[in-house]
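Enquirer:
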Amino acid sequence: MAAPRIEVRDLRKTFRTRNRSDSLRDALPRLLAGIAGRGRPPADGFVALDGVSFRLDEGEVLGIVGANGAGKSTMLRLVAGVYRPDGGTVSVRGRVSALIELSAGFHPDLSGRENIYLGGALLGLRTREVDALVEPIARFADIGDFLDAPVRTYSTGMAVRLGFAVAAHVPAEVLLVDEVLAVGDIDFQAKCLRRMAERRGEGVSVLIVSHNLNVLEQFCDRVLFLHHGRVAEEGEPVAVLRAYRRLLAEEKHVEVLRESASPRMRRGTEEMVLSEVRVGGPGAAPGQVPHGGRLRIEARWRTRAPVERPLFGVQIHSLQGLLCAESRSLALAGDLARLDGEGAVAVEFPVTRLLPGDYEVTVFARDRSGFVNLDLHQNLYPLRVTGSPAPGEGGLVALDPEWTLARGGG
Amino acid sequence: MVRDLLEHRDLLWLLTLREIRIRYARAVLGLGWALFVPVAQMAAFTVLDFGRLLRGEDAYAGLPYSVYAFVGILPWTHFAASLAQATPSLVVASNLLKKSAFPREVIPLSKVLAATLDLLVGTAVLGLLMAWHGITPGAAVLAVPAVFLLQFVFTVGLALLLSAGNLFFRDVNYLVSVGLLLGMFATSVVWPVSVTRPPWAASVLALNPMTSFLDAYREAILLGRWPWGTLLPGAAGAVLSILVGAAVFRRLAPRFAEEV
């Protein structure tokens, strides 16, 4: 068998727990230990990776999944040579092009074009080697005249497009991609996947971290499932991702699952304030509802001054940021002519068609225009739909399928 | 290390250009600022008649003090600006350190290189100043690039050491500011070390590599003498500085991304 592109053996990495008030007494020994050679990993630090081994061959695509803090990004950084392992070995044959935390080390004051040169130079490319890459990178990123504008004027989407374009076009034997599929529209995702498939065809080995399990399932040759810094499962995508999904569904701590693609926040004019928001099924634990069961979302409201014709609403998002359902209080129109003082409002969904999994609930009160938020609680309330999907069902919602089959000519 | 750096020489060049552009792009006076500080210092010290401190130095009798001072101020400014820029440079570049593996030396090195442009512009002004006073340098002026090479190596060694140290212990940055201020008094920037009392202190200060460099420039440019003897402490300092600086930097570099 040919030598692997990446071989990781018993990889360990511990981080010092951050201490803002770093004293000289603390820093000096670390500094001296570093100069003396092997600085020992901190005894009371955070263990990010605890004995991880895997290999990646030429032209192979390995997906990495795991909850936040499972060690995915740490591993990419170790493979990229940004971090030094505390134990074990990482051997990489060839040049590594990495897109870590999106925008690959862009400098905000430089233009997109200059950042392309910077990105190439960081990999050790000569300026004239990058000359030939600028055009295909610009064409792929498709950001038009912004190419010559400073990167700080870019939207997140544009920065990601350019970041991925650079990473995926520079000559390298290994491509590391961290969570690029979470941002950008569906078209761009598809474009990224096509490009990565092209690179794989050229023999490039790809390591990809993503929460987009469907994409990983289709695209990867193998998937590595990290859990608390160890390899929980590794191998054929469908089997490994099934194990990962099972963990997501069983995990007791909602926190580790809340890797929402959209921000959580609260804002509004506060002319009306929502409080004591409760989400869940009657009789179910707070924040939970059985699949197919009744879901109730309720809140207390209080006004500072009388509010004319307000509007209440709820939204349910998937953790990938997809809006699964929205409802506004239009049915209450007559009762909402004028609200003053305080009270309660609730909405019930008799049948929860959402498939088992984790979601986030948004509640809001808006003024009569329907645009100005009096109080918005965006993605603040976790909702878990419990149960297991019927065999053969997938996606986001159960639509009560009825299959029929006919034989012979009709 | 050297091979790694060679492979990334275009990165070094790019970062140096970026440094120069960012420093001057938004200032109306542009490169004029590179001249303003040393010229203003020269003018101030001349007007304050620091020239009288030179009267014990027979070698410089008859030379205008302003030229004596400017030959010291220019390379000192290069040294001070290099260290002031380089020391915090790794912390400032945390974004790059965390996302990409490249020879980290290029970051502080690019600051020292960028400061060299100011020095070149200043040198042109020095040429005008000397022409104005009718001073023509002799063949010994050819030693100047060699002196600067040693000063550059000395500065790079310190820049590596201090930038790495600052990453672990941010107070290094403040120590450098204070050190540069005090260092100017301990170096023959605008007066000869011979003015120091007691006399043994002068002998100690003569061992200061920066004094060695500055006096060597003066010997080569103003006195027309080859400065090899004067350069000895500076040469020793340069070798020591680059060996220690590079070794410490190499040892600490793998930890930069997580310490920053």
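Line by line, the protein sequences give chains A and B.
First residue of the first sequence? That's 1 in this note's numbering, and the numbers climb one at a time after it.
First residue of the second sequence? That's 1001 in this note's numbering, and the numbers climb one at a time after it.
By construction, the Cβ of each residue, glycine as well, lies at the ideal position given by its N, Cα and C atoms.
Owing to the predicted nature of the structure, the values given are computational and were not obtained by experimental measurement.
(1) Quick one: is Gly395/A buried, meaning 16 or more other Cβ sit within 10 Å of its Cβ, or exposed?
(2) I want to know whether the segment 396-405 of chain A touches the segment 1090-1109 of chain B - three or more CB-CB distances under 8 Å.
(3) For the alpha helix (DSSP H) containing Asp1215/B, name the first residue and the last one.
(4) If you draw a straight line from the alpha carbon of Ala305/A to that of Arg328/A, how long is it in whole angstroms?
(5) In chain order, which beta strand (DSSP E) runs of at least 3 residues are fully inside the segment 84-172 of chain A?
(6) Considering Cα atoms alone, identify which of Gly1224/B, Val1002/B, Trp1226/B is closest to Leu1109/B.
(7) Can you tell me where the beta strand (DSSP E) with His377/A in it begins and where it stops?
(8) Round the Cβ separation of Phe1154/B and Gly1237/B to the nearest angstrom and send it over; I've been treating them as touching at under 8 Å.
(9) Quick one: does Ile64/A have its CB under 8 Å from some CB of chain B?
(10) Distance check for Leu319/A and Arg258/A, CA to CA, integer angstroms please.
(11) Specify whether the segment 1177-1188 of chain B and the segment 1235-1252 of chain B touch according to this definition: at least 3 beta carbon pairs, one from each stretch, less than 8 Å apart.
(12) Out of Val345/A, Glu198/A, Ala2/A, point me to the one whose CA is closest to Ala331/A's CA.
(13) For the candidate residues Pro350/A, Glu348/A, Lys13/A, Val307/A, whose alpha-carbon lies nearest to that of Leu336/A?
(14) Comparing alpha-carbon positions, which option in Ala325/A, Gly71/A, Pro150/A lies nearest Asp178/A?
(15) Taking its Cβ as the centre, do 16 or more other Cβ atoms sit within 10 Å of Asp10/A, making it buried, or is it exposed?
(16) Counting Cβ pairs, one atom from each stretch, are 3 or more of them under 8 Å apart for the segment 77-90 of chain A and the segment 233-248 of chain A?
(17) What number of angstroms, rounded off, separates the C-alpha of Ser21/A from the C-alpha of Thr14/A?
(18) So, helix, strand or coil for Arg353/A, using DSSP?
(19) Would you kindly work out how many angstroms separate the C-alpha atoms of Leu216/A and Ser210/A, rounded to a whole number?
(20) Nearest-angstrom Cα distance between Phe46/A and Leu31/A?
(21) By alpha-carbon positions, which one of Leu1097/B, Arg1023/B, Trp1191/B ends up nearest to Ile1073/B?
(22) For Trp301/A, list the residues DSSP reports as bridge partners.
(23) Hey, does Phe15/A have any beta-carbon neighbour from chain D nearer than 8 Å?
(24) Taking just the CA atoms, how far does Val1176/B sit from Glu1259/B?
(25) Counting beta carbon pairs with one atom in the segment 51-71 of chain A and one in the segment 133-151 of chain A, are three or more of them shorter than 8 Å?
(26) So Leu11/A is in the beta strand (DSSP E); what residue range does that whole segment cover?
(27) So which residues on chain B does Tyr117/A lean against when the C-beta distance must stay under 9 Å?
(28) Along chain B, in chain order, which residues have C-beta atoms closer than 7 Å to that of Gly87/A?
(29) Hey, how far is the Cα of Leu274/A from the Cα of Asn212/A?
(30) In whole angstroms, what is the alpha-carbon distance linking Arg16/A and Met1210/B?
(31) Between the beta-carbon of Val1067/B and the beta-carbon of Leu1222/B, is there less than 8 Å?
(32) Would you mind reading off the limits of the alpha helix (DSSP H) that contains Cys220/A?
(33) Would a check of beta-carbon distances place Lys1111/B closer than 8 Å to chain A?
(34) Assuming the contact rule is C-beta atoms closer than 8 Å, Gly287/A and Glu1007/B should be a hit. Round their C-beta distance to whole Å, please.
(35) Rounded to the nearest angstrom, what separates Ala1081/B and Leu99/A at their Cα positions?
(36) My output table needs one value for Ile1135/B: the three-state DSSP class, helix, strand or coil.
Expert: In this structure, then:
(1) As a position in the first sequence, residue 395/A is number 395, starting the count at 1. With fewer than 16 other Cβ atoms within 10 Å, it is exposed.
(2) no
(3) Within the second sequence, numbered from 1, the residue matching residue 1215/B stands at position 215. Start and end: 1209-1218.
(4) Within the first sequence, residue 305/A is the residue found at index 305, counting from 1. Within the first sequence, residue 328/A is the residue found at index 328, counting from 1. Going from the Cα of Ala305/A to the Cα of Arg328/A covers about 22 Å.
(5) 87-92, 96-99
(6) Within the second sequence, residue 1109/B is the residue found at index 109, counting from 1. Looking at the Cα atoms, Val1002/B is the closest of the given residues.
(7) Counting from 1 along the first sequence, the entry for residue 377/A is found at position 377. 373-386 is the span of the beta strand (DSSP E), which, as asked, contains His377/A.
(8) Taking the first residue of the second sequence as position 1, residue 1154/B is located at position 154. Taking the first residue of the second sequence as position 1, residue 1237/B is located at position 237. So it is a contact: roughly 5 Å between Cβ atoms.
(9) In the first sequence, the residue the question calls residue 64/A occupies position 64. No, no contact with chain B.
(10) Counted from its first residue, the first sequence places residue 258/A at position 258. Counted from its first residue, the first sequence places residue 319/A at position 319. With a pLDDT of 45 at Arg258/A, under the threshold of 50, the modelled position of this residue cannot be trusted; read the value that follows with caution. Spanning the two alpha carbons is a distance of roughly 7 Å.
(11) no
(12) Here residue 331/A refers to the residue found at position 331 of the first sequence. The residue with the shortest Cα to Cα distance from Ala331/A is Val345/A.
(13) As a position in the first sequence, residue 336/A is number 336, starting the count at 1. The residue with the shortest Cα to Cα distance from Leu336/A is Val307/A.
(14) Counting from 1 along the first sequence, the entry for residue 178/A is found at position 178. When each option's Cα is compared against that of Asp178/A, the closest is Gly71/A.
(15) If you number the first sequence from 1, residue 10/A lands on position 10. Looking at its Cβ environment, which holds fewer than 16 other Cβ atoms inside 10 Å, Asp10/A is exposed.
(16) no
(17) To locate residue 21/A, count along the first sequence from 1; it is residue 21. To locate residue 14/A, count along the first sequence from 1; it is residue 14. With a pLDDT of 48 at Ser21/A, under the threshold of 50, the modelled position of that residue is not reliable, and the figure given next carries that caveat. Their backbone Cα atoms lie some 20 Å apart in a straight line.
(18) For the purposes of this step, residue 353/A is taken as residue 353 along the first sequence, with counting starting at 1. Three-state DSSP puts Arg353/A in coil, outside helix and strand.
(19) Indexing the first sequence from 1 puts residue 216/A at position 216. Indexing the first sequence from 1 puts residue 210/A at position 210. Answer to the nearest angstrom: the Cα atoms are 7 Å apart.
(20) As a first step, residue 46/A must be located in the first sequence, where it is residue number 46. As a first step, residue 31/A must be located in the first sequence, where it is residue number 31. Roughly 19 Å between the two C-alpha positions.
(21) Locating residue 1073/B in the second sequence gives position 73, where the first residue counts as 1. Minimum Cα distance to Ile1073/B is reached at Trp1191/B.
(22) Residue 301/A sits at position 301 when you count from the first residue of the first sequence. Looking at the DSSP assignment, Trp301/A forms a beta bridge with Leu274/A, Gly343/A.
(23) Going by chain labels, chain D is absent from the structure shown, which instead holds the protein chains A and B.
(24) Here residue 1259/B refers to the residue found at position 259 of the second sequence. Here residue 1176/B refers to the residue found at position 176 of the second sequence. Each residue's alpha carbon lies about 20 Å from the other.
(25) no
(26) As a first step, residue 11/A must be located in the first sequence, where it is residue number 11. Looking at the DSSP string, the run of the beta strand (DSSP E) that includes Leu11/A is 6-15.
(27) Here residue 117/A is taken as the residue at index 117 of the first sequence, counted from 1. Within 9 Å Cβ-Cβ: Asp1010, Leu1014.
(28) Translated into positions along the first sequence, residue 87/A becomes position 87. None at all; the shortest Cβ gap to chain B is about 14 Å.
(29) As a first step, residue 274/A must be located in the first sequence, where it is residue number 274. As a first step, residue 212/A must be located in the first sequence, where it is residue number 212. Rounded to whole angstroms, Leu274/A to Asn212/A spans 33 Å at the Cα level.
(30) Within the first sequence, residue 16/A is the residue found at index 16, counting from 1. Within the second sequence, residue 1210/B is the residue found at index 210, counting from 1. Rounded to whole angstroms, Arg16/A to Met1210/B spans 39 Å at the Cα level.
(31) Taking the first residue of the second sequence as position 1, residue 1067/B is located at position 67. Taking the first residue of the second sequence as position 1, residue 1222/B is located at position 222. Yes, the pair counts as a contact, with Cβ atoms nearer than the cut-off.
(32) Within the first sequence, numbered from 1, the residue matching residue 220/A stands at position 220. Per DSSP, Cys220/A belongs to no alpha helix (DSSP H) and is neither H nor E.
(33) Locating residue 1111/B in the second sequence gives position 111, where the first residue counts as 1. Answer no: the Cβ-Cβ gap between Lys1111/B and chain A never drops below 8 Å.
(34) Numbered from its first residue, the first sequence carries residue 287/A at position 287. Numbered from its first residue, the second sequence carries residue 1007/B at position 7. Not confirmed; about 54 Å, so no contact.
(35) Residue mapping note: residue 1081/B aligns to position 81 of the second sequence, counting from 1. Residue mapping note: residue 99/A aligns to position 99 of the first sequence, counting from 1. The alpha-carbon atoms of Ala1081/B and Leu99/A are separated by roughly 34 Å.
(36) Working through the second sequence from its first residue, we reach residue 1135/B at position 135. The answer is coil: DSSP assigns Ile1135/B none of H, G, I, E or B.
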